[in-house]
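Below is one structure, written out as structure tokens; the observations come after it.
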Amino acid sequence: MLHKAAAAAVVLTCTLGGLAIGAAPAQAADWGGNGNSANCANPITVASTPIYGSRGRTAGQVIGQLQLRWSWACHGNWSRVMLYGGMYSSPVTIEQRIESEGRSAGASEYGVRTGSSGTSAWTPYVWLANSQSTACAQVWLSSDFDTLNFHTNGARVCA
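Using my numbering, count along the sequence shown one by one with no gaps and you end on 193.
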């Protein structure tokens, strides 16, 4: 019974927090990994690749970047997606995955809007025993991208 009451308090707090700022944030779900990569000091991008649109106005256009990130402070890698703004108004589902040394982490964000200035999303970091281990990041972006058809664009990068 205590758990249900605690859960209700969290839902109420989140709901009131959403009302206080006036806009509903995108929903996110992270899994795996060793911690929040936003807390890793002095991150660098070790590899990146463009993400291309495939239909309508975005066909053949670079709509964002998939980055494989590293931090010595966390001794780990993670995936980060940078989506460019002003190209479409439809919300996007961003699904990412990072893999290295037989372990993985991922993140899914729903209802993400890029707005005019763009946005970013990332996975938890995966701690590495060997900083020279190969890591791979992959992303899937699903939306109608202001077309008549819902579809998915993606990219993969390894280093």
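For glycine and all other residues, C-beta sits at the position ideal for the given N, C-alpha and C. Remember, predicted model here, so these are calculated numbers, not experimental data.
Bridge partners of G87 according to DSSP: A93.
A distance of 8 angstroms or more separates the beta carbons of V146 and A139. Where C192 is concerned, the enclosing beta strand (DSSP E) starts and stops at 185-192. For the 8 angstroms CB-CB criterion, S151 and G119 form a contact. The count of Cβ pairs closer than 8 angstroms, one atom from the stretch 82-99 and one from the stretch 181-188, reaches three, so the stretches are in contact.
Between S142 and R103, the C-beta gap is not smaller than 8 angstroms, which leaves the two residues out of contact. Annotated as distal: V173 and E133, with beta-carbon spacing of 8 angstroms or more.
Under the three-state reduction of DSSP output, A171 falls in the strand class.
Rounded to the nearest angstrom, the Cβ distance from L175 to V126 is 5 angstroms, consistent with a contact under 8 angstroms. Annotation for C108: C74, Y159 place their beta carbon closer than 6 angstroms to its own, counting only its chain and skipping 5 residues before and after.
Counting only residues of its own chain and dropping the five nearest sequence neighbours on each side, Q101 has a CB closer than 8 angstroms to the CB of T79, A81, S82, S113, R114, V115, M116, A171, V191. In its chain, beyond the 5 residues on either side, L117, G119 have a beta carbon closer than 6 angstroms to the beta carbon of T148.
Every unbroken stretch of the beta strand (DSSP E) spanning 3 or more residues and falling wholly within the stretch 110-182 is given here in chain order: 110-117, 126-134, 137-146, 153-156, 169-177.
Judged by DSSP in its simplified three-state form, A72 adopts helix. Apart from sequence neighbours up to five positions away, the residues of its chain that approach A62 with a beta-carbon distance below 6 angstroms are E143, ordered along the chain.
Around the beta carbon of G67, 16 or more other beta carbons sit within 10 angstroms, so the residue counts as buried.
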